[in-house]
Amino acid sequence: MSAHLLEVRHVTRRFGGLVANSDVSLVVEEGEILGLIGPNGAGKSTLFNLVAGLYPPTSGNIVFAGEEITRLAAPARCARGIARTFQVVRSFDSMSVVENVIVGALMRRAGAREARHKALQVLDLTGLSRRAEAPAVELTPPEKRRLEIARALATEPKLLLLDEALAGLTPSEAREGVELVRLIRRRGVTIVMVEHVMEVVMPLVDRAVVLDLGKVLAQGSPTEVVRDKAVIEAYLGARHRAA
Amino acid sequence: MVEQKLSAQNAVVAAPAEPESRERDSIDHDASLRGFARRRHRELAVAAVAAVAVALLPLAIHDVYLQNILVLTLMYAALSQSWNILGGYCGQISLGHAIYFGIGAYMSTLLYTHAGLTPWFGMVIGGGVAALIALTLGYPFFRLRGHYFTIATIVVAETGLLLVLNWDFAGGAQGIQIPYGPDSWAHLQFARDKLPYIYFALGFAVLTFIVTFAIEDSKWGYWWRAVKDNAEAAESLGVVVFRSKMAAAALSAFFTAIGGSFYAAFVSYIDPDSVMGFQFSLLIALPAVLGGIGTLWGPALGALVLIPLTELTRSSFGGSGNGLDLIIYGVLIMVISLARPEGLTSLFARRRGARAGLEARAKQ
Chain D
0 MSAHLLEVRH VTRRFGGLVA NSDVSLVVEE GEILGLIGPN GAGKSTLFNL VAGLYPPTSG
60 NIVFAGEEIT RLAAPARCAR GIARTFQVVR SFDSMSVVEN VIVGALMRRA GAREARHKAL
120 QVLDLTGLSR RAEAPAVELT PPEKRRLEIA RALATEPKLL LLDEALAGLT PSEAREGVEL
180 VRLIRRRGVT IVMVEHVMEV VMPLVDRAVV LDLGKVLAQG SPTEVVRDKA VIEAYLGARH
240 RAA
Chain B
0 MVEQKLSAQN AVVAAPAEPE SRERDSIDHD ASLRGFARRR HRELAVAAVA AVAVALLPLA
60 IHDVYLQNIL VLTLMYAALS QSWNILGGYC GQISLGHAIY FGIGAYMSTL LYTHAGLTPW
120 FGMVIGGGVA ALIALTLGYP FFRLRGHYFT IATIVVAETG LLLVLNWDFA GGAQGIQIPY
180 GPDSWAHLQF ARDKLPYIYF ALGFAVLTFI VTFAIEDSKW GYWWRAVKDN AEAAESLGVV
240 VFRSKMAAAA LSAFFTAIGG SFYAAFVSYI DPDSVMGFQF SLLIALPAVL GGIGTLWGPA
300 LGALVLIPLT ELTRSSFGGS GNGLDLIIYG VLIMVISLAR PEGLTSLFAR RRGARAGLEA
360 RAKQ
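Now the structure itself:
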């Protein structure tokens, strides 16, 4: 039996009186693309932040590559191979595009020159090379999303967490985004993506976990999930039932 | 409007139309690395020329008053460069750097007058003590964000001032007079000659410039700017924010204290108000802010404008007691900050990209 890359075990997170995640358990296998979906307020972002280490769970455990990481801070998780993007883009706006990526590349490189070299390679991969010297603040929104992915990739993660990385893109931009995600997976990075746009996500992911009201409602292959009655009622609605 | 159009056009050009074009989209890495190295070398060359020019200035300037201004300008350029490490690069705005300046001034002076130790030794000790105090203060304060951090630095500096005012061993409110002696580099004492002070201050300014230059393309430099721009994003990329701030604070305090030791030797008399007053915290921060916060050249440019301006308005209009010098000084600062909110360095940023980057910095 191969060990899971990530295991979330009975995780609960409360914010005051609000239970954002309630007894959530799920596993992520090495090499897969897992979609984390659900309606607004389902607790997707909370779960995402718990895995990334923005805050600890109220109870439960998180295990990554066989190691308990429940109480580790975000930088320590990054060092173990977890990288993320943010739903609302957070570029370093006083720096150039390549400098943004250098920050990530320094995770596994002590020297600035090697980090710059690595950053240029990652910019090639993400299609941002031509913008390397541009100030990050000048990028268009889709370019900024790519920059976030580039920065995260530069830390050489085992697991990449994408928080609505395809949201707010035009169909052609989203298509390019999907290509990029596939490319990243081909390079051996496991991906968990929170996504809203079902049409984009479903063909891309190997497995989907549906959250609703802070609980795991269903999980399985995309086709299984979209046929699940509870899922259709809770989230997908009449549109998908008709289809 | 024009800028927006331009950047939109660039975006169209830069965005790959199809994923297959991505290979063609890649650039020559070696050329890019060489270009970066060339830019860095050019910056050093410009600095070397500027330093040599300043070193030759005393050949033309014999007036003691003007030489005095030169010493102060160089000293504030160096102090502001030190402040810039924490305030400009790491984004932690301190308005309490007078405490480190005072620690440097008092440490070297007390070691000199009581133990006969050379100020060269005293300034290293002072720098070390200042760095330790910066770390001690940083431990609680770096949990505060934004304005609250700034307020805390002001309060601590004022507290330090009150402590020294009541510290009899350090002369209390009367301060300490450094005893006259023969001119000597070992004791940093020169009764009439300003030249040695000019060269010391120049060396100090060059040192802080080189340190900042080295930081800019180092792990700490990138980490500090990431912390300033977005701490949460920085943490997600492995940057330990708290440790980054502590390192910036210690380095910044160390060099500020060296400036304090130098100033004490230069004026050969210190008292709490003349080395630890709030005005020093402002004078240390202002050149960097005016010149371009978080930039390599900002502090020097700012000091070049600000310090002669302070001194000349004071000597020209300060005698009347009606505060005209301060009014002129204040108005000029306002004019500069309104005309160049992103700092004076933006005057030299010819490339549109560089200027946009500076504007983004100014907005923070």
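Chains as they are written, first to last, in numbering that gives the first Met the number 0: chain D, 0 to 242; chain B, 0 to 363.
In this text, a Cβ means the ideal position worked out from N, Cα and C, and glycines have one as well.
P156 of chain D touches chain B at which residues, Cβ-Cβ below 8 Å? Simply none; closest approach about 10 Å.
If the criterion is Cβ atoms closer than 9 Å, does the pair G59 of chain D and V204 of chain D meet it? no
For R185 of chain D, collect the residues of the same chain with a Cβ closer than 7 Å to its Cβ; drop the 5 residues on either side in sequence, then sort them by chain order. none
From the DSSP output, in three-state form, read off A118 of chain D for me. The answer is helix: DSSP assigns A118 of chain D an H, G or I state.
So is V210 of chain B in contact with chain D if we call contact Cβ pairs under 9 Å? Output row for V210 of chain B: interface = no.
Here's a check: name, in chain order, each residue in its chain whose Cβ is nearer than 7 Å to the Cβ of V230 of chain D, leaving out the five neighbours to either side. V209, L216, A217 and V224
On the three-state DSSP scale, how would you describe F14 of chain D? strand
Taking 7 Å as the limit between beta carbons, can you name the residues of its chain near R23 of chain B, skipping five residues before and five after? Confidence in R23 of chain B is poor, its pLDDT being 45 and thus under 50, which makes the residue's placement unreliable; the coordinate value appears in the next sentence. Excluding positions up to five away in sequence, the list is empty.
Which of the three DSSP states is assigned to P94 of chain D in this structure? Strictly speaking, residue 94 of chain D in this sequence is Met, with Pro absent from that position. Of the three classes helix, strand and coil, the one that applies to M94 of chain D here is coil, per DSSP.
Assigned exposure category for P118 of chain B - 16 Cβ within 10 Å defines buried: buried
Nearest residue (CA-CA) to Q278 of chain B, options B:E157, B:L58, B:V48 and B:R339: Taking only the C-alpha atoms, the option nearest Q278 of chain B is B:E157.
Verify the CB distance criterion: does Y138 of chain B have a CB-CB separation below 9 Å to chain D? no
Which ranges would you report for the alpha helix (DSSP H) in the region 3–85 of chain D if only whole runs of at least 4 residues count? 43–51 and 73–79
State the Cα-Cα distance for the pair A118 of chain D and G187 of chain D, rounded to the nearest angstrom. Their Cα atoms are separated by approximately 18 Å.
Using a Cβ-Cβ cut-off of less than 7 Å, give me the residues of the region 129–146 of chain D that come near chain B, in sequence order. R129, R130, A131, E132, A133, P134, V136, E137, T139 and E142
Below-9 Å beta-carbon distance, H40 of chain B vs any chain D residue: No, its Cβ sits nowhere closer than 9 Å to a Cβ of chain D.
V188 of chain D in three-state terms, based on DSSP: coil
According to a CB-to-CB cut-off of less than 9 Å, which residues of the region 328–341 of chain B neighbour chain D? none
Which word fits M106 of chain D, buried or exposed, when buried means at least 16 other C-beta atoms lie within 10 angstroms of its C-beta? buried
With DSSP run on the structure shown, which of helix, strand or coil describes M333 of chain B? helix
Just to make sure I have the definition right: I need the residues of chain B whose C-beta is within less than 8 Å of the C-beta of R83 of chain D. Which are they? S235
Taking 9 Å as the threshold (C-beta atoms), are L122 of chain D and V88 of chain D in contact? Between V88 of chain D and L122 of chain D, the C-beta gap is not smaller than 9 Å, which leaves the two residues out of contact.
Applying the 10 Å Cβ sphere with the 16-neighbour rule, what's the burial state of R144 of chain D? So R144 of chain D ends up on the buried side.
Cβ pair I32 of chain D, L158 of chain D closer than 9 Å: no
G293 of chain B: contacting residues in chain D (beta-carbon distance under 9 Å): S93
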